[in-house]
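Read top to bottom, the protein sequences are chains A and B.
Numbering follows full-length UniProt numbering, with no gaps: position 5 of the first sequence is 5.
Numbering follows full-length UniProt numbering, with no gaps: position 18 of the second sequence is 18.
All residues carry an ideal CB built from backbone N, CA and C; glycine is no exception.
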Amino acid sequence: MPDFDVVSLPETDHVAEGDTAPDFTRPLVNGEYWEDRALADVVDGPTLLLFHPMDGAFQGTYLYNTVDDHGWSDDVDVLGVSISTPYAHKRLLADRGDGVRIFSDPCADVIEEYGLAQDIDGMTGITESRPAVFLLGADRTVEHAWVASEHPEFPDAETIDDAVADLVD
Amino acid sequence: MSEPQITLYRLQACPYCERVVRTLNELDLEYRSRYVEPMHSERNVVKRVSGARSVPAIVDRETGVTMSESANIVEYLKGTYGDAATDGGRAVDDAATDGGRAVDAEGGA
Chain A
1 MPDFDVVSLP
11 ETDHVAEGDT
21 APDFTRPLVN
31 GEYWEDRALA
41 DVVDGPTLLL
51 FHPMDGAFQG
61 TYLYNTVDDH
71 GWSDDVDVLG
81 VSISTPYAHK
91 RLLADRGDGV
101 RIFSDPCADV
111 IEEYGLAQDI
121 DGMTGITESR
131 PAVFLLGADR
141 TVEHAWVASE
151 HPEFPDAETI
161 DDAVADLVD
Chain B
1 MSEPQITLYR
11 LQACPYCERV
21 VRTLNELDLE
31 YRSRYVEPMH
41 SERNVVKRVS
51 GARSVPAIVD
61 RETGVTMSES
71 ANIVEYLKGT
81 YGDAATDGGR
91 AVDDAATDGG
101 RAVDAEGGA
C-alpha cells in the first residue's frame, strides 16, 4: 500500500448528465481582459466546462496541461471556473490553456450551485471547488459529467476525449 | 440578451475611468466593462482597438466612434447622448481635434 492518504469525499448532489447547466454571470477572463459574461450567452456550441481548485494548486496546472496536450480547445469551447481572481486567471492563461477562458467565482456561489463546494483543511474561510468536468451541448444540456469523489482525483483524459468526439461528430 | 453598444476598457480603481463611468450612469447609457491589467505592456487589446494603451477608452458601436482620454470621452458622451445634444456628430468632430491632448497625462493611471 502507498504510504499516503487519498481521502474519500462525501456524496454530493451535483449537476449531472441530462441536466441543463445552471446559468450564471461572472467575470470571464481571456488572455487580454475580463468582463462580466453569462454562461448562457457564452455557450453557443459544444463546450467543455471545467471546475478546478484555485489557480496555483497543482491540480489546475495538470488540468490545463492536459487541455493543451489533447487540443480540446481546437474541437470545443473550453471554459474554466475557479475561485481565483481575474488577475490570477490571466497569469495562468499566460503560461497554459491556449484558447481557454476562465470564470472567476471567488465567493464560490456558482461552485455551490453546481454541487461542488469543498472545504479545505487549514484554509479557514475559503470554499474550494472539487475538480469537475461538464461537457455541454449548445443548449447547455449536460452530455457528460464527472465530479471528483476523492481528494485528490483527476479527470480521465481519454474519457473526455471520447465524450468530445461523440458530441462533435 | 442584447449586447450594450458601448464598450469601456478600464482599469480597476482608475479615477479617470470612474469619471467616464459616472457620465455613462448620468446619461443612463448601457455599457460593458472590459478590465485590463495595470501594466501598459499587458494592454495590447486597448492598443489594437484605440491606437493607444491608455485607459479609459471606449468603443461606441452605435456611432462607430473609438476614443481615449476621459475629458474627450465625457465631452463626446454628453454631446452625443446628453440633453444638450442637438447634433450627434458635432461633439465627435470637436473631440477628434484634440484627441491626443491628455493621453500622456492619464497614461500611468
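Chain A contact for residue i (CB, 9 Å cutoff)
{"i": "Arg-61(B)", "result": "no"}
{"i": "Val-20(B)", "result": "no"}
{"i": "Tyr-16(B)", "result": "no"}
{"i": "Arg-32(B)", "result": "yes"}
Per-residue DSSP class, three states only, for residue i
{"i": "Val-36(B)", "result": "coil"}
{"i": "Glu-158(A)", "result": "helix"}
{"i": "residue 176(A)", "result": "What the structure shows of chain A is the stretch from 1 to 169, and residue 176(A) is not part of that stretch, so it cannot be assessed."}
{"i": "Glu-26(B)", "result": "helix"}
{"i": "Phe-103(A)", "result": "strand"}
{"i": "Asp-55(A)", "result": "strand"}
{"i": "Thr-61(A)", "result": "helix"}
{"i": "Ala-163(A)", "result": "helix"}
{"i": "Leu-93(A)", "result": "helix"}
{"i": "Gly-88(B)", "result": "Note that Gly-88(B) has pLDDT 48, beneath the 50 cutoff, so the model's placement of it is unreliable and the number below is only indicative. Three-state DSSP puts Gly-88(B) in coil, outside helix and strand."}
{"i": "Leu-50(A)", "result": "strand"}
{"i": "Val-65(B)", "result": "strand"}
{"i": "Val-7(A)", "result": "strand"}
{"i": "Arg-19(B)", "result": "helix"}
Proximal residues of chain A, C-beta to C-beta of residue i below 8 Å
{"i": "Glu-44(B)", "result": "One detail in the question is off: residue 44(B) reads as Asn in this sequence, not Glu. Chain A residues near Asn-44(B): Glu-32."}
Residue from the options with nearest C-alpha to residue i
{"i": "Glu-113(A)", "options": "Asp-19(A), Pro-2(A), Asp-5(A) and Phe-4(A)", "result": "Asp-19(A)"}
{"i": "Ile-120(A)", "options": "His-151(A), Glu-35(A) and Val-168(A)", "result": "His-151(A)"}
{"i": "Asn-30(A)", "options": "Val-36(B), Glu-30(B) and Arg-32(B)", "result": "Val-36(B)"}
{"i": "Arg-140(A)", "options": "Ser-129(A), Met-123(A), Ser-8(A) and Leu-167(A)", "result": "Leu-167(A)"}
{"i": "Asp-156(A)", "options": "Phe-134(A), Val-7(A) and Asp-41(A)", "result": "Phe-134(A)"}
{"i": "Pro-38(B)", "options": "Gly-99(A), Tyr-87(A) and Ile-160(A)", "result": "Tyr-87(A)"}
{"i": "Asp-66(A)", "options": "Glu-11(A), Leu-50(A) and Asp-41(A)", "result": "Reading off the sequence shown, one finds Thr at residue 66(A), where the question assumed Asp. Ranking Glu-11(A), Leu-50(A) and Asp-41(A) by Cα distance to Thr-66(A) puts Leu-50(A) first."}
{"i": "Leu-48(A)", "options": "Val-147(A), Leu-136(A), Trp-146(A) and Ala-148(A)", "result": "Leu-136(A)"}
{"i": "Glu-62(B)", "options": "Thr-80(B), Arg-48(B) and Ser-33(B)", "result": "Thr-80(B)"}
{"i": "Gly-45(A)", "options": "Thr-159(A), Ala-145(A), Asp-169(A) and Ala-138(A)", "result": "Ala-138(A)"}
{"i": "Pro-53(A)", "options": "Gln-118(A), Thr-12(A), Leu-93(A) and Val-7(A)", "result": "Gln-118(A)"}
Chain-ordered neighbours of residue i on chain B, where CB pairs are closer than 7 Å
{"i": "Pro-86(A)", "result": "Tyr-35"}
Partners in chain B for residue i, counting only beta-carbon separations shorter than 9 Å
{"i": "Glu-35(A)", "result": "Thr-7, Arg-32, Ser-33, Arg-34 and Tyr-35"}
Cβ of residue i within 9 Å of any chain B Cβ
{"i": "Pro-27(A)", "result": "yes"}
Near the ligand GTP: residue i beta-carbon under 8 Å from a heavy atom
{"i": "Leu-136(A)", "result": "Inclusion of the ligand GTP in the displayed structure is not the case, the ligand content being empty and no account of it being possible."}
(request) Count the C-beta pairs between the region 60-70 of chain B and the region 7-23 of chain B that are closer than 8 Å, then say yes if the count reaches three, no if not. (result) Touching, yes, given that three or more Cβ pairs across the two stretches are closer than 8 Å.
(message) Check whether the region 90-107 of chain A and the region 73-82 of chain A are in contact - that is, three or more C-beta pairs closer than 8 Å.
(response) Enough Cβ pairs lie closer than 8 Å, so yes.
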